[in-house]
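Note sheet for the following structure.
In our numbering, the protein residues as written are 4 to 261.
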């Protein structure tokens with residue numbers, strides 16, 4: 004945490020704040036600011052997020068870069084195919100990160116509010132102890148039948164991915180993009196050679212397609228799911244897709260008959 008210590012001190016002085024003024028802005032005790040700057044205490048994650056947001060630096064820069072170095076140049080916004088920024092999160096009373104749930108009806112609003120702490124604060128939130136404490140998690144309600152046998156309405160819990168180029172082919176992910184919105188697909192990594200992701204559905208009725216990384220906002224690697232629908236036993240994915248297709252045809256017939 005040596006760089007964090009020096010960076011907090013540098014950013015405070017560069018902005019012209021006293022320790023008391025910085026403490027007031029961060030809503031912490033002045034003595035804590037002094038302890039952070041002298042290396043006698045380590046800031047909580049929520050405090051680091053607030054510091055990064057206040058001084059408009061990425062969390063990665065705050066932790067790993069020497070911001071006092073006059074030759075240091077901030078990253079243009081990407082590293083290894085991922086976009087560096089401060090994630091808006093919520094924490095519980097013990098300063099543990101929550102899992103915020105993005106319902107399907109809030110997906111469109113998420114595109115505008117993903118970086119807005121007030122928007123994230125309004126989302127439902129919960130915790131899953133089985134996920135452990137490593138990483139930041141968010142949950143998304145999916146819709147449609149493109150990822151059968153996971154039914155529409157299933158909640159996918161994903162871990163935030165910083166380095167998109169490190170994703171392994173076939174990894175199931177929630178992808179947030181300006182073009183597609185919030186989608187759940189298997190990702191095939193073409194970041195380094197073509198600056199794209201190839202997105203595949205588990206339902207063979209859906210054709211794979213390419214998505215430029217320039218259009219991608221966030222990627223969350225699927226780690227768990229919550230569903231009130233139990234999988235049908237002894238049925239293949241092809242058979243399940245066929246059933247869905249038959250139902251869709253019947254619906255079209257009914258609409259034409261009206």
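Where is the CB? At the ideal position from N, CA and C, for every residue including glycine. All values reported here derive from a predicted model rather than from experimental measurement.
Counting only the same chain and skipping the five closest in sequence on each side, list residues whose C-beta sits under 8 Å from that of residue i.
i, result
"residue 116", "122, 123"
"residue 95", "101, 130"
"residue 188", "149, 150, 175, 176, 178, 202, 203, 204"
"residue 114", "179, 181, 184, 185, 220"
"residue 54", "11, 14, 29, 46, 65"
"residue 241", "207"
"residue 230", "153, 154, 156, 157, 158"
Opposite residue i in the DSSP bridges: which residues?
i, result
"residue 129", "102"
"residue 260", "Beta-bridge pairing links residue 260 to no other residue."
"residue 157", "DSSP output for residue 157 lists no bridge partner at all."
"residue 188", "176"
"residue 199", "193, 215"
"residue 20", "Answer by DSSP bridge pairing: none, since residue 20 is not bridged."
"residue 228", "159"
"residue 223", "163, 177"
"residue 144", "158"
Tell me which residues share the same chain as residue i and place their Cβ nearer than 7 Å to its Cβ, disregarding the 5 neighbours each side in the sequence.
i, result
"residue 206", "148, 149, 150, 151, 244"
"residue 250", "none"
"residue 253", "none"
"residue 67", "6"
"residue 257", "none"
"residue 31", "50"
Could you round the C-beta distance between residue i and residue j to whole angstroms and report it? I think they count as a contact, below 8 Å.
i, j, result
"residue 126", "residue 226", "With a Cβ gap of about 18 Å, residue 126 and residue 226 do not count as contacting."
"residue 69", "residue 16", "15 Å between Cβ atoms; not a contact."
"residue 248", "residue 208", "6 Å"
"residue 165", "residue 107", "Contact flag wrong, Cβ pair sits at about 26 Å."
"residue 18", "residue 33", "Their Cβ separation, rounded to whole angstroms, is 16 Å, which puts residue 18 and residue 33 out of contact at 8 Å."
"residue 160", "residue 228", "7 Å"
Quick check on this structure: which residue in the options has the alpha carbon closest to the alpha carbon of residue i?
i, options, result
"residue 128", "105, 177, 42", "105"
"residue 14", "23, 213, 57, 108", "57"
"residue 183", "198, 214, 163", "214"
"residue 39", "71, 196, 8", "8"
"residue 180", "112, 229, 257, 41", "112"
"residue 120", "49, 71, 212", "49"
Is it true that the CB of residue j sits closer than 7 Å to the CB of residue i?
i, j, result
"residue 110", "residue 186", "no"
"residue 142", "residue 158", "yes"
"residue 118", "residue 91", "yes"
"residue 28", "residue 98", "no"
"residue 10", "residue 51", "no"
"residue 36", "residue 44", "no"
Could you pull out every residue in the same chain whose Cβ sits closer than 6 Å to the Cβ of residue i, ignoring the five residues on either side in sequence?
i, result
"residue 162", "138, 140, 224, 226"
"residue 42", "8"
With a threshold of 7 Å between beta carbons, is residue i in contact with chain C?
i, result
"residue 232", "The chain inventory of the structure shown lacks chain C, comprising one protein chain alone."
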